[in-house]
Amino acid sequence: MSEKSRIKVKVLVLSVFFLMISGLLSGCGPSKDREISLGVEYYSADEVEEEEKSEDLLDENNSNKQKNKQKNNKKTNNKEDFIVVEVDPEGNGIKVYSRKHDLEYQYYVGSDTKITNKYGNDISLGQITPGKIINLDSISKVGKVGKISVSPNTWNYTKIKKFSLNEEKRQITVGKDTYTYDDRLIVFSGNEMIELNKISSKDEIALEGKGKSIYSIVVTTGHGTLKLKNTGLFEGSFLQLDNRAFVNITKDLTMDVQEGKYLLAVANDGWGGSKEIVINRGKTTEVDLDEIKGPGPSYGKILFAPNVINAMIFIDGRQVDYANPISLRYGKHILKVMAAGYTTMNKILYVNSPEGTVAITMETIDQTAKQNNQANLPKNHQEVESQRENRQNSRQDTNTPGSNSTNSNNATGSIGQNGNNNKNQNSSSNESMTADQLKEYMQTLSELLRNKGIS
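Note that full-length UniProt numbering numbers the sequence shown so that position 77 is 77, with each residue one more than the last.
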(Lines of atoms letter the chains of each structure in order from A and count residues from 1; the text may use other names and numbers.)
(Lines give C-alpha, C1' and ligand atoms only; values in the text may rest on other atoms or scores of the structure.)
Protein backbone atom coordinates (compact mmCIF):
# COMPACT_ATOMS: atom_id res chain seq x y z
CA MET A 1 0.00 0.00 0.00
CA SER A 2 1.38 3.40 -0.96
CA GLU A 3 2.15 6.11 1.60
CA LYS A 4 -0.72 8.21 0.20
CA SER A 5 -3.21 5.36 0.66
CA ARG A 6 -2.07 4.73 4.26
CA ILE A 7 -2.62 8.43 5.11
CA LYS A 8 -6.18 8.24 3.69
CA VAL A 9 -6.96 5.18 5.85
CA LYS A 10 -5.62 6.87 9.00
CA VAL A 11 -7.73 9.98 8.33
CA LEU A 12 -10.86 7.85 7.80
CA VAL A 13 -10.31 5.89 11.04
CA LEU A 14 -9.69 9.04 13.06
CA SER A 15 -12.82 10.68 11.58
CA VAL A 16 -15.00 7.72 12.59
CA PHE A 17 -13.43 7.68 16.07
CA PHE A 18 -14.12 11.40 16.67
CA LEU A 19 -17.68 11.06 15.37
CA MET A 20 -18.31 8.26 17.87
CA ILE A 21 -16.81 10.27 20.75
CA SER A 22 -18.79 13.42 19.86
CA GLY A 23 -21.99 11.37 19.65
CA LEU A 24 -21.40 9.91 23.11
CA LEU A 25 -20.60 13.30 24.59
CA SER A 26 -23.70 14.91 23.06
CA GLY A 27 -25.85 12.18 24.62
CA CYS A 28 -24.34 12.69 28.08
CA GLY A 29 -24.66 16.46 28.44
CA PRO A 30 -27.84 18.21 29.57
CA SER A 31 -30.18 19.20 26.73
CA LYS A 32 -31.94 22.52 26.60
CA ASP A 33 -34.95 20.96 24.84
CA ARG A 34 -36.82 18.20 26.65
CA GLU A 35 -36.23 14.81 25.06
CA ILE A 36 -38.46 11.76 24.83
CA SER A 37 -36.87 8.47 25.82
CA LEU A 38 -38.27 5.61 23.74
CA GLY A 39 -37.20 2.04 22.99
CA VAL A 40 -36.41 -1.10 24.97
CA GLU A 41 -34.25 0.51 27.63
CA TYR A 42 -36.37 2.55 30.03
CA TYR A 43 -35.18 4.78 32.82
CA SER A 44 -36.03 3.36 36.22
CA ALA A 45 -36.26 5.72 39.17
CA ASP A 46 -35.71 2.82 41.58
CA GLU A 47 -32.38 1.81 39.98
CA VAL A 48 -30.97 5.36 40.01
CA GLU A 49 -31.94 5.86 43.64
CA GLU A 50 -30.11 2.65 44.59
CA GLU A 51 -26.97 3.71 42.68
CA GLU A 52 -26.94 7.10 44.38
CA LYS A 53 -27.30 5.50 47.79
CA SER A 54 -24.27 3.25 47.18
CA GLU A 55 -22.10 6.13 45.98
CA ASP A 56 -23.07 8.33 48.92
CA LEU A 57 -22.37 5.56 51.46
CA LEU A 58 -18.86 5.04 50.04
CA ASP A 59 -18.10 8.74 50.36
CA GLU A 60 -17.42 9.54 54.04
CA ASN A 61 -17.13 13.28 53.30
CA ASN A 62 -20.82 13.35 52.33
CA SER A 63 -22.12 11.68 55.50
CA ASN A 64 -24.08 14.77 56.64
CA LYS A 65 -25.53 15.22 53.18
CA GLN A 66 -26.57 11.56 53.17
CA LYS A 67 -28.37 11.94 56.51
CA ASN A 68 -30.31 14.95 55.25
CA LYS A 69 -31.18 13.13 52.09
CA GLN A 70 -32.46 10.13 54.03
CA LYS A 71 -34.72 12.43 56.04
CA ASN A 72 -36.10 13.97 52.86
CA ASN A 73 -36.56 10.57 51.24
CA LYS A 74 -38.48 9.37 54.27
CA LYS A 75 -40.93 12.23 53.84
CA THR A 76 -41.47 11.47 50.15
CA ASN A 77 -41.43 7.66 50.30
CA ASN A 78 -37.95 7.71 48.70
CA LYS A 79 -39.36 8.11 45.19
CA GLU A 80 -38.60 10.56 42.43
CA ASP A 81 -41.39 12.94 41.45
CA PHE A 82 -42.62 12.94 37.87
CA ILE A 83 -45.07 15.32 36.23
CA VAL A 84 -47.73 13.73 34.04
CA VAL A 85 -47.45 15.13 30.50
CA GLU A 86 -49.89 12.93 28.61
CA VAL A 87 -52.11 9.91 29.21
CA ASP A 88 -52.98 7.65 26.30
CA PRO A 89 -56.76 7.93 25.77
CA GLU A 90 -56.84 4.18 25.17
CA GLY A 91 -55.31 3.69 28.61
CA ASN A 92 -52.21 1.88 27.31
CA GLY A 93 -49.50 4.40 28.08
CA ILE A 94 -48.37 7.43 30.02
CA LYS A 95 -45.80 10.12 29.23
CA VAL A 96 -44.08 11.81 32.18
CA TYR A 97 -41.49 14.52 32.79
CA SER A 98 -38.56 13.93 35.13
CA ARG A 99 -37.75 17.12 37.04
CA LYS A 100 -34.53 15.48 38.21
CA HIS A 101 -33.16 14.68 34.74
CA ASP A 102 -35.11 17.29 32.71
CA LEU A 103 -36.29 14.58 30.33
CA GLU A 104 -39.60 13.10 29.19
CA TYR A 105 -40.22 9.34 29.34
CA GLN A 106 -42.86 7.08 27.81
CA TYR A 107 -44.13 4.06 29.76
CA TYR A 108 -46.67 1.30 29.22
CA VAL A 109 -49.65 0.75 31.50
CA GLY A 110 -51.12 -2.73 31.84
CA SER A 111 -54.44 -4.00 33.15
CA ASP A 112 -52.61 -5.15 36.27
CA THR A 113 -50.91 -1.76 36.90
CA LYS A 114 -51.93 -0.56 40.36
CA ILE A 115 -52.95 3.10 40.53
CA THR A 116 -53.46 4.90 43.86
CA ASN A 117 -53.93 8.40 45.22
CA LYS A 118 -51.51 9.90 47.75
CA TYR A 119 -53.41 8.20 50.57
CA GLY A 120 -52.99 4.74 49.07
CA ASN A 121 -56.58 4.37 47.85
CA ASP A 122 -57.23 2.84 44.43
CA ILE A 123 -58.16 5.26 41.64
CA SER A 124 -58.54 4.98 37.86
CA LEU A 125 -56.03 6.04 35.21
CA GLY A 126 -58.51 8.70 34.15
CA GLN A 127 -57.82 10.50 37.44
CA ILE A 128 -54.14 10.80 36.54
CA THR A 129 -54.26 13.97 34.43
CA PRO A 130 -51.60 16.27 32.90
CA GLY A 131 -49.88 18.31 35.60
CA LYS A 132 -50.33 15.68 38.32
CA ILE A 133 -47.24 14.85 40.44
CA ILE A 134 -46.75 11.07 40.59
CA ASN A 135 -44.32 8.32 41.61
CA LEU A 136 -43.58 5.22 39.53
CA ASP A 137 -42.71 1.75 40.85
CA SER A 138 -41.70 -1.64 39.44
CA ILE A 139 -40.79 -0.61 35.90
CA SER A 140 -39.94 -3.61 33.74
CA LYS A 141 -37.21 -3.79 31.10
CA VAL A 142 -39.82 -3.22 28.40
CA GLY A 143 -41.11 -0.08 30.11
CA LYS A 144 -44.25 -1.42 31.77
CA VAL A 145 -45.19 0.31 35.05
CA GLY A 146 -46.22 -1.89 37.96
CA LYS A 147 -47.57 0.93 40.12
CA ILE A 148 -48.52 4.57 39.65
CA SER A 149 -49.21 6.62 42.77
CA VAL A 150 -49.87 10.29 43.39
CA SER A 151 -46.84 11.70 45.18
CA PRO A 152 -47.36 12.29 48.93
CA ASN A 153 -47.06 15.74 50.52
CA THR A 154 -48.32 17.41 47.36
CA TRP A 155 -51.00 20.09 47.18
CA ASN A 156 -53.47 20.95 44.47
CA TYR A 157 -55.43 24.21 44.27
CA THR A 158 -58.25 24.41 41.71
CA LYS A 159 -60.65 27.04 40.34
CA ILE A 160 -58.23 29.93 40.90
CA LYS A 161 -59.59 33.08 39.24
CA LYS A 162 -57.68 35.80 41.04
CA PHE A 163 -53.91 35.49 40.79
CA SER A 164 -50.90 37.50 39.70
CA LEU A 165 -47.75 36.44 37.84
CA ASN A 166 -44.33 37.98 38.30
CA GLU A 167 -42.11 36.39 35.67
CA GLU A 168 -39.13 38.52 36.66
CA LYS A 169 -39.14 37.15 40.23
CA ARG A 170 -40.61 33.81 39.13
CA GLN A 171 -43.47 34.10 41.56
CA ILE A 172 -47.21 33.49 41.50
CA THR A 173 -49.41 35.11 44.14
CA VAL A 174 -52.78 33.64 45.06
CA GLY A 175 -54.60 35.62 47.72
CA LYS A 176 -52.04 36.36 50.43
CA ASP A 177 -49.77 33.42 49.54
CA THR A 178 -46.79 33.67 47.20
CA TYR A 179 -45.25 30.63 45.48
CA THR A 180 -42.10 30.26 43.41
CA TYR A 181 -41.24 28.26 40.30
CA ASP A 182 -38.16 27.47 38.21
CA ASP A 183 -37.28 26.47 34.64
CA ARG A 184 -38.82 23.04 35.19
CA LEU A 185 -42.33 24.46 35.57
CA ILE A 186 -44.78 22.90 33.08
CA VAL A 187 -47.90 24.78 31.96
CA PHE A 188 -50.88 23.09 30.33
CA SER A 189 -53.94 24.43 28.58
CA GLY A 190 -56.23 21.44 28.76
CA ASN A 191 -53.97 18.62 27.54
CA GLU A 192 -51.68 20.87 25.50
CA MET A 193 -48.39 22.24 26.81
CA ILE A 194 -48.09 26.05 26.49
CA GLU A 195 -45.74 28.87 27.48
CA LEU A 196 -46.27 30.65 30.80
CA ASN A 197 -46.82 34.01 29.09
CA LYS A 198 -49.89 32.58 27.34
CA ILE A 199 -51.84 32.66 30.62
CA SER A 200 -54.32 35.54 30.84
CA SER A 201 -55.96 37.19 33.82
CA LYS A 202 -59.24 36.00 32.28
CA ASP A 203 -58.21 32.36 32.77
CA GLU A 204 -59.15 30.00 35.55
CA ILE A 205 -56.18 27.87 36.64
CA ALA A 206 -55.16 25.00 38.89
CA LEU A 207 -51.77 24.74 40.63
CA GLU A 208 -49.87 21.64 41.73
CA GLY A 209 -46.73 21.62 43.82
CA LYS A 210 -44.90 20.92 47.07
CA GLY A 211 -44.16 23.30 49.90
CA LYS A 212 -43.89 26.77 48.38
CA SER A 213 -42.77 25.48 44.96
CA ILE A 214 -45.09 25.16 41.97
CA TYR A 215 -44.42 22.18 39.70
CA SER A 216 -47.27 22.59 37.21
CA ILE A 217 -50.05 24.95 36.14
CA VAL A 218 -53.18 23.82 34.31
CA VAL A 219 -55.45 26.34 32.59
CA THR A 220 -58.84 24.78 33.34
CA THR A 221 -60.90 27.57 31.74
CA GLY A 222 -59.05 29.51 29.08
CA HIS A 223 -59.80 32.62 27.07
CA GLY A 224 -60.31 33.72 23.51
CA THR A 225 -60.56 37.06 21.73
CA LEU A 226 -63.75 38.93 20.84
CA LYS A 227 -63.41 41.42 17.99
CA LEU A 228 -66.20 43.83 17.02
CA LYS A 229 -66.69 45.10 13.48
CA ASN A 230 -68.71 48.15 12.27
CA THR A 231 -68.96 49.66 15.74
CA GLY A 232 -69.74 53.25 14.65
CA LEU A 233 -73.46 53.24 15.54
CA PHE A 234 -72.81 51.86 19.04
CA GLU A 235 -69.62 53.62 20.09
CA GLY A 236 -70.10 55.22 23.49
CA SER A 237 -72.79 52.72 24.50
CA PHE A 238 -72.30 49.36 26.17
CA LEU A 239 -71.63 45.80 25.06
CA GLN A 240 -73.34 43.14 27.15
CA LEU A 241 -72.25 39.50 27.43
CA ASP A 242 -75.00 37.69 29.33
CA ASN A 243 -75.25 39.45 32.68
CA ARG A 244 -71.53 39.08 33.40
CA ALA A 245 -69.74 41.65 31.27
CA PHE A 246 -70.60 45.25 30.40
CA VAL A 247 -67.97 47.07 28.37
CA ASN A 248 -67.91 50.54 26.86
CA ILE A 249 -67.84 50.12 23.09
CA THR A 250 -64.97 51.82 21.28
CA LYS A 251 -63.99 51.74 17.62
CA ASP A 252 -63.31 48.15 16.48
CA LEU A 253 -63.21 46.96 20.09
CA THR A 254 -61.03 43.89 20.74
CA MET A 255 -61.02 42.20 24.15
CA ASP A 256 -60.08 38.96 25.93
CA VAL A 257 -63.08 36.91 27.03
CA GLN A 258 -63.24 33.68 29.01
CA GLU A 259 -64.13 30.72 26.83
CA GLY A 260 -67.77 29.68 26.67
CA LYS A 261 -71.17 30.58 25.20
CA TYR A 262 -72.54 34.10 25.57
CA LEU A 263 -75.53 36.11 24.48
CA LEU A 264 -74.04 39.32 23.10
CA ALA A 265 -76.31 42.38 23.08
CA VAL A 266 -75.89 46.00 21.99
CA ALA A 267 -78.25 49.00 21.97
CA ASN A 268 -77.96 52.69 21.30
CA ASP A 269 -80.29 55.48 20.16
CA GLY A 270 -83.07 53.14 19.05
CA TRP A 271 -80.86 50.53 17.41
CA GLY A 272 -79.79 47.21 18.83
CA GLY A 273 -80.16 43.47 19.03
CA SER A 274 -78.55 40.32 20.33
CA LYS A 275 -76.68 37.29 19.06
CA GLU A 276 -75.43 34.07 20.64
CA ILE A 277 -71.68 33.67 20.28
CA VAL A 278 -69.08 31.10 21.26
CA ILE A 279 -65.62 32.07 22.51
CA ASN A 280 -63.10 29.29 21.89
CA ARG A 281 -59.81 28.96 23.74
CA GLY A 282 -57.01 30.68 21.86
CA LYS A 283 -59.29 31.70 18.96
CA THR A 284 -60.71 35.03 17.73
CA THR A 285 -64.46 35.46 17.35
CA GLU A 286 -65.48 38.37 15.12
CA VAL A 287 -68.95 39.94 15.40
CA ASP A 288 -70.31 42.39 12.81
CA LEU A 289 -72.63 44.78 14.69
CA ASP A 290 -74.33 45.79 11.42
CA GLU A 291 -75.78 42.28 11.31
CA ILE A 292 -77.55 42.59 14.67
CA LYS A 293 -78.47 46.29 14.82
CA GLY A 294 -82.05 45.57 13.67
CA PRO A 295 -84.32 47.76 11.50
CA GLY A 296 -84.34 50.67 13.99
CA PRO A 297 -85.37 52.68 15.68
CA SER A 298 -86.49 49.93 18.05
CA TYR A 299 -88.45 50.15 21.28
CA GLY A 300 -88.88 47.81 24.22
CA LYS A 301 -92.05 47.47 26.29
CA ILE A 302 -90.93 47.63 29.91
CA LEU A 303 -93.17 46.84 32.88
CA PHE A 304 -92.07 48.38 36.18
CA ALA A 305 -92.92 46.59 39.43
CA PRO A 306 -91.97 48.66 42.53
CA ASN A 307 -92.55 47.25 46.02
CA VAL A 308 -94.11 50.56 47.13
CA ILE A 309 -97.66 51.27 45.88
CA ASN A 310 -97.44 55.06 45.65
CA ALA A 311 -93.93 55.23 44.21
CA MET A 312 -93.23 57.83 41.54
CA ILE A 313 -91.08 56.75 38.61
CA PHE A 314 -89.15 59.14 36.37
CA ILE A 315 -87.51 58.14 33.08
CA ASP A 316 -84.93 60.61 31.78
CA GLY A 317 -86.37 63.26 34.11
CA ARG A 318 -90.00 62.76 33.02
CA GLN A 319 -92.56 61.19 35.38
CA VAL A 320 -94.32 58.20 33.80
CA ASP A 321 -97.49 56.24 34.46
CA TYR A 322 -96.27 52.69 34.97
CA ALA A 323 -99.68 51.03 35.36
CA ASN A 324 -99.06 49.53 31.90
CA PRO A 325 -95.84 48.64 30.09
CA ILE A 326 -93.90 51.71 28.93
CA SER A 327 -92.39 51.90 25.47
CA LEU A 328 -88.73 52.94 25.71
CA ARG A 329 -86.28 53.50 22.90
CA TYR A 330 -83.34 51.07 22.74
CA GLY A 331 -80.35 52.46 24.59
CA LYS A 332 -79.47 53.97 27.96
CA HIS A 333 -81.99 55.77 30.16
CA ILE A 334 -81.88 57.34 33.61
CA LEU A 335 -84.32 55.81 36.07
CA LYS A 336 -85.39 57.58 39.25
CA VAL A 337 -87.85 56.21 41.83
CA MET A 338 -89.24 58.28 44.74
CA ALA A 339 -91.69 57.55 47.57
CA ALA A 340 -92.49 59.22 50.87
CA GLY A 341 -90.46 57.68 53.69
CA TYR A 342 -88.18 55.79 51.28
CA THR A 343 -84.70 56.49 49.99
CA THR A 344 -84.73 57.90 46.46
CA MET A 345 -83.30 55.48 43.89
CA ASN A 346 -81.24 56.66 40.92
CA LYS A 347 -80.18 53.96 38.47
CA ILE A 348 -79.22 53.50 34.85
CA LEU A 349 -81.60 51.48 32.71
CA TYR A 350 -80.30 49.87 29.54
CA VAL A 351 -83.00 48.73 27.10
CA ASN A 352 -81.98 46.21 24.44
CA SER A 353 -84.86 43.70 24.34
CA PRO A 354 -88.41 43.81 22.95
CA GLU A 355 -89.95 43.48 26.40
CA GLY A 356 -89.07 42.86 30.01
CA THR A 357 -89.93 43.50 33.65
CA VAL A 358 -87.95 45.64 36.09
CA ALA A 359 -88.55 44.72 39.73
CA ILE A 360 -87.82 47.69 42.02
CA THR A 361 -87.09 47.15 45.71
CA MET A 362 -87.01 50.37 47.70
CA GLU A 363 -85.57 50.76 51.20
CA THR A 364 -86.97 52.93 53.93
CA ILE A 365 -84.88 55.88 55.08
CA ASP A 366 -84.32 54.12 58.42
CA GLN A 367 -83.06 50.95 56.68
CA THR A 368 -80.62 52.97 54.57
CA ALA A 369 -79.37 54.91 57.60
CA LYS A 370 -78.84 51.69 59.55
CA GLN A 371 -76.85 50.13 56.72
CA ASN A 372 -74.74 53.27 56.33
CA ASN A 373 -74.02 53.35 60.07
CA GLN A 374 -72.94 49.70 60.06
CA ALA A 375 -70.72 50.27 57.04
CA ASN A 376 -69.10 53.27 58.71
CA LEU A 377 -68.33 51.60 62.05
CA PRO A 378 -64.59 52.05 62.76
CA LYS A 379 -62.50 48.91 63.03
CA ASN A 380 -59.41 50.38 64.68
CA HIS A 381 -57.90 53.56 66.13
CA GLN A 382 -56.69 54.76 62.73
CA GLU A 383 -60.21 54.61 61.29
CA VAL A 384 -61.59 56.49 64.31
CA GLU A 385 -59.13 59.31 63.68
CA SER A 386 -59.88 59.27 59.96
CA GLN A 387 -63.64 59.53 60.51
CA ARG A 388 -63.19 62.36 62.99
CA GLU A 389 -61.12 64.29 60.44
CA ASN A 390 -63.72 63.65 57.73
CA ARG A 391 -66.50 65.00 59.96
CA GLN A 392 -64.52 68.16 60.63
CA ASN A 393 -63.90 68.66 56.91
CA SER A 394 -67.58 68.02 56.22
CA ARG A 395 -68.63 70.77 58.67
CA GLN A 396 -66.27 73.22 56.97
CA ASP A 397 -67.67 72.33 53.54
CA THR A 398 -71.25 72.75 54.75
CA ASN A 399 -70.49 76.27 55.94
CA THR A 400 -68.88 77.20 52.65
CA PRO A 401 -71.17 79.36 50.41
CA GLY A 402 -72.40 77.61 47.26
CA SER A 403 -71.94 74.07 48.58
CA ASN A 404 -74.43 71.48 47.26
CA SER A 405 -75.43 68.53 49.46
CA THR A 406 -77.69 66.78 46.87
CA ASN A 407 -76.64 63.11 46.47
CA SER A 408 -76.82 61.80 42.94
CA ASN A 409 -76.76 58.23 44.27
CA ASN A 410 -74.71 56.80 41.41
CA ALA A 411 -76.83 58.27 38.59
CA THR A 412 -75.18 59.79 35.54
CA GLY A 413 -75.58 63.46 36.46
CA SER A 414 -77.32 64.65 39.60
CA ILE A 415 -81.11 64.56 39.62
CA GLY A 416 -82.99 67.20 41.62
CA GLN A 417 -86.04 66.57 43.77
CA ASN A 418 -88.34 67.71 40.95
CA GLY A 419 -87.15 64.79 38.84
CA ASN A 420 -85.40 66.92 36.24
CA ASN A 421 -81.99 65.86 35.02
CA ASN A 422 -79.55 68.70 35.64
CA LYS A 423 -77.24 67.52 32.85
CA ASN A 424 -77.86 67.45 29.14
CA GLN A 425 -79.36 64.04 28.42
CA ASN A 426 -77.66 63.58 25.07
CA SER A 427 -74.20 64.21 26.47
CA SER A 428 -74.77 62.06 29.55
CA SER A 429 -75.92 59.10 27.50
CA ASN A 430 -72.42 58.71 26.07
CA GLU A 431 -70.44 59.10 29.30
CA SER A 432 -68.48 56.22 30.81
CA MET A 433 -69.86 54.73 34.00
CA THR A 434 -68.05 54.64 37.30
CA ALA A 435 -67.59 51.33 39.12
CA ASP A 436 -70.50 52.12 41.47
CA GLN A 437 -72.71 53.14 38.58
CA LEU A 438 -71.89 49.95 36.72
CA LYS A 439 -72.81 47.88 39.77
CA GLU A 440 -76.21 49.57 40.01
CA TYR A 441 -76.65 49.26 36.26
CA MET A 442 -75.95 45.52 36.27
CA GLN A 443 -78.45 44.91 39.06
CA THR A 444 -81.18 46.83 37.24
CA LEU A 445 -80.42 45.28 33.87
CA SER A 446 -80.48 41.74 35.19
CA GLU A 447 -84.01 42.33 36.46
CA LEU A 448 -85.00 43.82 33.10
CA LEU A 449 -83.78 40.81 31.15
CA ARG A 450 -84.87 38.12 33.60
CA ASN A 451 -88.26 37.25 32.12
CA LYS A 452 -88.02 37.96 28.39
CA GLY A 453 -85.75 39.41 25.83
CA ILE A 454 -82.11 38.42 25.74
CA SER A 455 -81.76 36.81 29.17
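Yeah, the Cβ is synthetic: ideal placement off N, Cα and C, and Gly gets one too.
Keep in mind that this is a model prediction, so the values were computed, not measured.
- About 26 Å separates the beta carbons of T221 and D252, which is beyond the 8 Å limit, so they are not a contact pair.
- Here E291 carries a helix assignment [DSSP, helix/strand/coil].
- V85 places its beta carbon less than 7 Å from that of V96.
- Comparing alpha-carbon positions, the option among K176, T368, G317, Y330 lying closest to G296 turns out to be Y330.
- The beta carbon of D122 sits closer than 8 Å to those of K114, I115, T116, all from its chain and outside the five residues before and after it, given in chain order.
- For I249, there is no enclosing beta strand (DSSP E), as DSSP marks it with neither H nor E.
- Ranked by Cα distance from V247, the first of L207, K261, K227, E259 is K227.
- Under the DSSP assignment, S98 falls in the beta strand (DSSP E) whose first and last residues are 93 to 98.
- For the 7 Å CB-CB criterion, K144 and Y108 form a contact.
- By the 16-neighbour rule on beta-carbons within 10 angstroms, D290 is exposed.
- Taking the Cα positions, D288 is about 15 Å away from Q240.
- Selection K100, A359, S298, P354 evaluated against M345 yields A359 as nearest (Cα-Cα).
- Here N197 carries a helix assignment [DSSP, helix/strand/coil].
- Under a 10 Å Cβ-count criterion, Q319 is classified as exposed, with fewer than 16 other Cβ atoms of the shown protein chains found around its own Cβ.
- Here the alpha carbons of K159 and N135 stand approximately 25 Å from one another.
- With respect to E208, N156 sits close: the two C-beta atoms are nearer than 7 Å.
- Around N310, the same chain offers A339, A340 as residues with beta carbons nearer than 8 Å, after the five sequence neighbours per side are excluded.
- If you look at I148, you'll find it in the beta strand (DSSP E) that goes 144 to 150.
- With fewer than 16 other Cβ atoms from the protein chains shown falling within 10 Å of its own Cβ, A305 counts as exposed.
- The beta carbon of T254 sits closer than 6 Å to those of K227, all from its chain and outside the five residues before and after it, given in chain order.
- The straight-line gap separating the alpha-carbon atoms of K212 and D203 is approximately 22 Å.
- Taking C-alpha positions only, T129 is separated from S189 by approximately 12 Å.
- Listed in chain order, the beta strand (DSSP E) elements of length 3 or more contained wholly in the region 104 to 150 are 133 to 139, 144 to 150.
- A direct Cα-Cα distance of roughly 44 Å separates K161 from A323.
- Beta bridge pairing from DSSP links F188 with M193, V218.
- R329 has Y299 as its beta-bridge partners, per DSSP.
- Per DSSP, E363 lies in no beta strand (DSSP E) and is assigned neither H nor E.
- Here D177 is bridged, per DSSP, to V174.
- In this structure V351 does not touch G317 by the C-beta definition: roughly 16 Å separates them, more than the 8 Å allowed.
- Note on geometry: alpha-carbon atoms of Q367 and D321 lie some 27 Å from one another.
- The three-state secondary structure of F234, taken from DSSP, is helix.
- Rounded to whole angstroms, the gap between the alpha carbons of S138 and K79 is 12 Å.
- Of the residues assessed, T178 falls on the exposed side of the cut-off, its CB having fewer than 16 other CB atoms within 10 angstroms.
- Each of A265, Y342, I205, D182 was checked against the Cα of S237, and the nearest Cα belongs to A265.
- The C-alpha of M362 lies about 7 Å from the C-alpha of T343.
- Each residue's CA atom was taken as its position, placing V150 and K210 some 12 Å apart.
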